[in-house]
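Reading through the structure tokens given below for one structure.
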Amino acid sequence: MQPVGTPQPVAARPAPLWKRGVITAGFVGLLVFAHLRSRAPDTRPPGANVDAAQHGFALRDVTEAWGIAFTHASPNIDPVLAPIAAQITGTGASLAVVDVDGDGDLDIYATTSRHGAPNSLWINERDASGQPRFRDVAAEAGLADVNRDGVGCSTASLWADVDADGDQDVVIVKWGHPQLFLQDAPLRFRDATATSGLADVWMNSHDGLFLDADRDGLVDLFLGGYFRAEVNLWDVSSTRIMQDSFEFSQNGGRNRFFRNLGDGRFEDVSDAFGIGGDRWTYASTAADFDEDGWTDLYIANDYGAEELLINRKGTGFEPLDVDLDRQSKSGMSASLGDVENRGRLAVYVTNISQPGFLFQGNNLRINRLKDRGALADGPEGPVRNCGWAWGSAFGDLDQDGWQDLVVVNGFISADKTRDYWYDMGKVAGGNGGVFEDALNWPAFEGRSLSGYERTRVLKNRLGRSFVEVGGEVGISDTYDGRGVVLADMDGDGRLDMVVANQNGPLLVYRNEPPADVSAAQWIEIDLVAAPRAAGGSNPDAAGAHVLAHFGDATQLRVVVLGGGFSSQGPRRVHFGLGAATAVDELEVRWPSGRVQVVRDLAAGRIHRIEEPSASEPPTVPKD
Amino acid sequence: MRVTPKHLIMALITAILVVGQVQYGILRGWTPLLLCLGGAVFAEALLSRFMLGKLTPLSSAYVSGTSLTLLLKPEPGLIWPFLVGAGLSIGSKYVLRYRGKHLWNPTNFGIAALLLVAPGKIAILSHEFGNDITTNLVIWTIGLLIASRAKILHVTFTYVAAFLAFAWLRTLVNGHAYLTEITPLTGPMYQLFVFFMVTDPATTVATKRGRMLVVFLVAAFESVIRTGNDLGWAWAAPFAPAPAIFALAIVGPIALGARLAALGPFGRMGAPLQVAPAAA
Numbered sequence: 047m048q049p050v051g052t053p054q055p056v057a058a059r060p061a062p063l064w065k066r067g068v069i070t071a072g073f074v075g076l077l078v079f080a081h082l083r084s085r086a087p088d089t090r091p092p093g094a095n096v097d098a099a100q101h102g103f104a105l106r107d108v109t110e111a112w113g114i115a116f117t118h119a120s121p122n123i124d125p126v127l128a129p130i131a132a133q134i135t136g137t138g139a140s141l142a143v144v145d146v147d148g149d150g151d152l153d154i155y156a157t158t159s160r161h162g163a164p165n166s167l168w169i170n171e172r173d174a175s176g177q178p179r180f181r182d183v184a185a186e187a188g189l190a191d192v193n194r195d196g197v198g199c200s201t202a203s204l205w206a207d208v209d210a211d212g213d214q215d216v217v218i219v220k221w222g223h224p225q226l227f228l229q230d231a232p233l234r235f236r237d238a239t240a241t242s243g244l245a246d247v248w249m250n251s252h253d254g255l256f257l258d259a260d261r262d263g264l265v266d267l268f269l270g271g272y273f274r275a276e277v278n279l280w281d282v283s284s285t286r287i288m289q290d291s292f293e294f295s296q297n298g299g300r301n302r303f304f305r306n307l308g309d310g311r312f313e314d315v316s317d318a319f320g321i322g323g324d325r326w327t328y329a330s331t332a333a334d335f336d337e338d339g340w341t342d343l344y345i346a347n348d349y350g351a352e353e354l355l356i357n358r359k360g361t362g363f364e365p366l367d368v369d370l371d372r373q374s375k376s377g378m379s380a381s382l383g384d385v386e387n388r389g390r391l392a393v394y395v396t397n398i399s400q401p402g403f404l405f406q407g408n409n410l411r412i413n414r415l416k417d418r419g420a421l422a423d424g425p426e427g428p429v430r431n432c433g434w435a436w437g438s439a440f441g442d443l444d445q446d447g448w449q450d451l452v453v454v455n456g457f458i459s460a461d462k463t464r465d466y467w468y469d470m471g472k473v474a475g476g477n478g479g480v481f482e483d484a485l486n487w488p489a490f491e492g493r494s495l496s497g498y499e500r501t502r503v504l505k506n507r508l509g510r511s512f513v514e515v516g517g518e519v520g521i522s523d524t525y526d527g528r529g530v531v532l533a534d535m536d537g538d539g540r541l542d543m544v545v546a547n548q549n550g551p552l553l554v555y556r557n558e559p560p561a562d563v564s565a566a567q568w569i570e571i572d573l574v575a576a577p578r579a580a581g582g583s584n585p586d587a588a589g590a591h592v593l594a595h596f597g598d599a600t601q602l603r604v605v606v607l608g609g610g611f612s613s614q615g616p617r618r619v620h621f622g623l624g625a626a627t628a629v630d631e632l633e634v635r636w637p638s639g640r641v642q643v644v645r646d647l648a649a650g651r652i653h654r655i656e657e658p659s660a661s662e663p664p665t666v667p668k669d
Numbered sequence: 172m173r174v175t176p177k178h179l180i181m182a183l184i185t186a187i188l189v190v191g192q193v194q195y196g197i198l199r200g201w202t203p204l205l206l207c208l209g210g211a212v213f214a215e216a217l218l219s220r221f222m223l224g225k226l227t228p229l230s231s232a233y234v235s236g237t238s239l240t241l242l243l244k245p246e247p248g249l250i251w252p253f254l255v256g257a258g259l260s261i262g263s264k265y266v267l268r269y270r271g272k273h274l275w276n277p278t279n280f281g282i283a284a285l286l287l288v289a290p291g292k293i294a295i296l297s298h299e300f301g302n303d304i305t306t307n308l309v310i311w312t313i314g315l316l317i318a319s320r321a322k323i324l325h326v327t328f329t330y331v332a333a334f335l336a337f338a339w340l341r342t343l344v345n346g347h348a349y350l351t352e353i354t355p356l357t358g359p360m361y362q363l364f365v366f367f368m369v370t371d372p373a374t375t376v377a378t379k380r381g382r383m384l385v386v387f388l389v390a391a392f393e394s395v396i397r398t399g400n401d402l403g404w405a406w407a408a409p410f411a412p413a414p415a416i417f418a419l420a421i422v423g424p425i426a427l428g429a430r431l432a433a434l435g436p437f438g439r440m441g442a443p444l445q446v447a448p449a450a451a
């Protein structure tokens, strides 16, 4: 742009030819430089032969081999929304990897979203060779038929021992009524919604988690609101249901917080605990960010800024001003890791990137509240641009002692030759009052929107940077990923990858080591809380911080019952150890406030750490 | 000091930047501003000394640098697009010349060139100033006042009228709601385009009617790009991120070049137009 004014004719003084040549060469050089620097990351599918030795691991699709066959289906919503139904119904594929039957092996619960379609519960039954073999028992367990008219469709599931009776129960998150199922007998669930205090709740939610906010030994429930609660997507009373801003929208669904009263009953204490708001919450995670012994909440919002809510000693949450409010993006998932091996939390929030149109960039923030009172930016690079990114998860895939990161992505994979980004651009830059009405959006008509993107596998290089190796380690699919979990599904000490794809199959990638690996380079920790009567933590140890000291590293992991996007990973904690043969010291900060230190834990096995009883006073005072 | 339209433009673009940062945090840190503004000013100073043997006023570079800061949103973590954008914008004034005049609005060229040669790393739509009508009204009001004072209101109005008309025509082709088609016009970024970029007198023809014709043609070509994208024409896809900016980058220089060609080598004033200083 130029200032307005009358252009002045110029007195003749031709510049010498050599000078014109010099600046022309420089000008062309800039263009060439920009072009060379703009090459997109290599997201080609892998070749036929993936060499695990190249990056210390390979990922092989074992979905069929392990007996899993499940495909997500989007809901059929009110026909009046049909022109942009592809966008509105672009979520709902979720998964939870939990030991549902308590046999020590991890199972998978996957949701679909179409009314009449069943969710599935894949129980891990080892075959004769010890390899996992999964069988869907959702129907017998009573967890299949939950997508019905009047109660809504599934978008996530949250697992915990809600009634503290020693087994896993589940809240199915919905566009509709959230449902609580209590496991009364092994793999037999009872719909306890009617007496749970959730029966009158209607939320359009994708997200939630369990945490013990008041440290009473029972997990409380946070649910994030997306569309406003009064919106029934199968029978809308108005088409003005969309966001009123792409950046600072304030017409989303209200978040809610339910205190666990015991025996499968919850009480809505949202107002008392300072939970609410009108943002479009997509994801949340929980950890003790300010290290005061109380579990805090970190919330990622679509069309809005992230939020860090500090737990005020179990009496409620208060937002902490750490300059998040002006950094509005499209928060899709929230995952916790430790990328530097300094015992500091890293929170990773995915966003949207599409060349030409939008580079929001994913956020990787390092928790520096203790020493700087702020969240600091983590490494730049490929971790920032993962396309239209959804779920994410940290884990040490190559067992080198550094936590890697996986990000699933892609929004709508439809017609490969027709793209919706131009249409999106028409409304996205305009006034919010226009695109708040769904009918003002251009119809999708089969177009793709950031479709056919390939999952990113980001290898941590000594905490200083990440390098994308997805294609090289064997990721071949380009489904529209939503939830992702890293978990040791086959008990070999290596983190496998499970992905829920929107309108696509549930996928399991097995983590396979290089041929020359002999020494065990891992350790896993099962935390066993002390009984509630003895002042113990919640049964799942939700919110526990586990700090492992090995070699030169101090690595932190947190037990989160939720997190990522529409996903939940196991509460078993995994550390890759690199060259170390043992964890020299393991420090557990229990959600009860106790701090426990265990030394010399050998590599290559699962260690069971039991919380000390109340007779041993907690290191961190409870109040 | 006499307040000229140039000063008003500088004040407005600065105000937009400050309000955008304070209200919506559009800068993502101060690095983009530092690099765009510093790069543009440095390039102008360097090139003017090198080519003209003297330092030209840097107000033009200030506006270009500030505009780039507002519009250029590359992949996070990259800093080279800001420097290259500034270099290309200012460099275009000294390199891409015809009969002594530069043909492109500098910022327009810089952004269009980056979007074409570095499509994997550049975007311009990352921030929408909150999609807030209040912000729009403020920019419209101040912009109209300044455009009026600068006597370029006819250019802005012609473009807007043409956009509205072509938007209606497009609805007959793509079946979209009229409100959908005119929505881009309600965004603050588009308003920067209609008040600053398309009105740049240094890169358009001299006559009032000629300018109106040029912006009408810009709107027309923009509509062709938009229609091409509506219909899925492959040639239009690279222009999809910024139809208006590409339309100006294509139509503007052609119109100005044709006008200069018609005027002959000595221009209207009878003086050879060769090395122009940094455009005012």
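These protein sequences, in sequence, are chains L and B.
So the first sequence is numbered by this note's numbering: it starts at 47 and just counts up by one.
So the second sequence is numbered by this note's numbering: it starts at 172 and just counts up by one.
Even glycine gets a Cβ: it sits at the ideal position worked out from N, Cα and C.
> In whole angstroms, what separates the C-alpha of Asp384(L) from that of Asp417(L)?
Replying inline: 16 Å
> Which of the three DSSP states, helix, strand or coil, is assigned to His347(B)?
Replying inline: coil
> Ser659(L) to Ala580(L), Cα distance in whole Å?
Replying inline: 6 Å
>> Between Glu426(L) and the ligand ZN, is there a pair consisting of the residue's CB and a ligand heavy atom that are separated by less than 7 Å?
In response: For the structure depicted, the ligand ZN is absent and the ligand set is empty, with no information on it obtainable.
> If you draw a straight line from the alpha carbon of Asn347(L) to that of Leu363(B), how long is it in whole angstroms?
Replying inline: 29 Å
> Is the beta carbon of Gly516(L) sitting closer than 8 Å to the one on Arg502(L)?
Replying inline: yes
> Counting contacts by CB-CB distance shorter than 8 Å, is Leu63(L) in contact with chain B?
Replying inline: no
> Considering only residues of the region 279-352 of chain L, which uninterrupted beta strand (DSSP E) runs meet the minimum length of 3 residues and lie entirely inside it, listed in chain order?
Replying inline: 302-308, 311-314, 326-333 and 342-348
> CB Asp542(L) to CB Val554(L), shorter than 8 Å?
Replying inline: yes
> Can you give, in chain order, each stretch of the alpha helix (DSSP H) that sits fully within the region 435-470 of chain L and has at least 4 residues?
Replying inline: none
> Would DSSP call Pro62(L) helix, strand or coil?
Replying inline: coil
> Quick one: any contact between the region 275-282 of chain B and the region 403-419 of chain B, if contact means 3 or more CB pairs under 8 Å?
Replying inline: yes
> Going by other Cβ atoms of all chains shown within 10 Å of its Cβ, with 16 needed for buried, is Leu343(B) buried or exposed?
Replying inline: exposed
>> Can you check whether the C-beta of Thr354(B) is within less than 8 Å of a C-beta belonging to chain L?
In response: yes
> Within the 8 Å Cβ cut-off, does Val446(B) reach chain L?
Replying inline: For Val446(B), the predicted model reports a pLDDT of 38, less than 50, meaning its position is unreliable; a value from the coordinates is still stated below. Yes - at least one Cβ of chain L is within 8 Å of the one on Val446(B).
> Can you tell which of Val453(L), Glu558(L) and Ala435(L) has its C-alpha closest to the C-alpha of Phe103(L)?
Replying inline: Glu558(L)
>> Classify Leu508(L): buried if its beta carbon has 16 or more other beta carbons within 10 angstroms, exposed otherwise.
In response: exposed
> Which value, in whole angstroms, describes the spacing of the CA atoms of Glu633(L) and Gly650(L)?
Replying inline: 19 Å
> Where does Lys272(B) fall in DSSP's three states?
Replying inline: strand
> By how many angstroms is the C-alpha of Asp145(L) removed from the C-alpha of Ala185(L)?
Replying inline: 18 Å
> How about Ile169(L) and Val183(L): do their beta carbons lie closer than 8 Å?
Replying inline: yes
> Under three-state DSSP, which class holds Val503(L)?
Replying inline: strand
>> Below 7 Å on C-beta distance, what does His347(B) contact in chain L?
In response: Pro488
> For the beta strand (DSSP E) that Leu242(B) lies in, which residues bound it at each end?
Replying inline: Premise fails: Leu242(B) lies in the alpha helix (DSSP H), Ser230 to Leu242, not in any beta strand (DSSP E).
> Cβ of Met360(B) less than 8 Å from any chain C Cβ?
Replying inline: Although the question refers to chain C, the structure presented lacks it and instead comprises the protein chains L and B.
> Run through DSSP, which three-state label would Gly270(L) get?
Replying inline: strand
> Taking 8 Å as the CB-CB limit, is Ile250(B) close to chain L?
Replying inline: no
> Is the CB-CB distance between Gly196(L) and Met249(L) below 8 Å?
Replying inline: no
> When DSSP builds the beta bridges, which residues end up paired with Pro365(L)?
Replying inline: Leu355(L)
> Of all the residues that make up the region 391-404 of chain L, which are near chain B by a beta-carbon distance shorter than 8 Å?
Replying inline: Ser399, Gln400, Pro401, Gly402, Phe403 and Leu404
>> Looking at chain B, is there any beta carbon in it that lies within less than 8 Å of the beta carbon of Lys671(L)?
In response: Since the first and last residues shown for chain L are 47 and 669, residue 671(L) lies out of range.
> To which residues does DSSP link Glu656(L) through a beta bridge?
Replying inline: Val574(L)
> For Gly424(L), which of helix, strand or coil comes out of DSSP?
Replying inline: coil
> Can you tell which of Asn307(B), Glu299(B), Tyr349(B) and Thr370(B) has the C-alpha that lies nearest to the C-alpha of Phe328(B)?
Replying inline: Thr370(B)
> At a CB-CB cut-off below 9 Å, which residues of chain B make contact with Ala80(L)?
Replying inline: Trp251, Pro252, Val255, Gly256, Leu259, Ala284, Leu285, Val288, Ala289, Lys292 and Ile293
> If you count every other CB in all the chains shown that lies within 10 Å of the CB of Asp173(L), and 16 or more means buried, which is it?
Replying inline: exposed
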